[in-house]
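Visitor: Count along the sequence shown from 1, add 3, and you get the number used in this note's numbering.
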Amino acid sequence: MSRPAKWIALGLVLFLAVVVFLTLSLYRYEVEVCVEFNGRTMCRPGAGATREEALRTAMRNACAFLASGMTQSMACERAEPARVRWIKE
Numbered sequence: 004m005s006r007p008a009k010w011i012a013l014g015l016v017l018f019l020a021v022v023v024f025l026t027l028s029l030y031r032y033e034v035e036v037c038v039e040f041n042g043r044t045m046c047r048p049g050a051g052a053t054r055e056e057a058l059r060t061a062m063r064n065a066c067a068f069l070a071s072g073m074t075q076s077m078a079c080e081r082a083e084p085a086r087v088r089w090i091k092e
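(1) Provide the residue(s) that pair with residue 91 in DSSP beta bridges, ordered along the chain.
(2) Reducing DSSP to helix, strand and coil, say where residue 52 ends up.
(3) Within its chain, find whatever has a CB closer than 7 angstroms to the CB of residue 91; leave out the 5 residues flanking it on each side and keep chain order.
(4) Does the count of Cβ pairs from the segment 7-27 and the segment 62-74 closer than 8 angstroms reach three?
(5) Please report the distance separating the alpha-carbon of residue 83 from that of residue 74.
(6) Taking the alpha-carbon of residue 36 as reference, which of 49, 5, 30 has the nearest alpha-carbon?
(7) Is residue 81 near residue 61, with beta carbons less than 8 angstroms apart?
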């Protein structure tokens, strides 16, 4: 392998390491939320850089299975969660 090829390979490895590190550090909080809506219950995980973002993501994930249409989705996302379990804080 020539000298320029080695530098290119090293640069690529460093770039990939930075991408992986930044991707993994974005989600500081992980939560599992259970939502009751229209007589059904669904528990789904969520992750985010802040507690609020993680909670909102988990609520949207759960409501995607429970609600149909925009009106129901909005109502479901405004409901209080039946259970919240923090996985990573």
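Glycine included, C-beta positions come from ideal geometry on N, C-alpha and C.
Guide: According to the structure shown:
(1) 33
(2) coil
(3) 32, 33
(4) no
(5) 16 angstroms
(6) 49
(7) no
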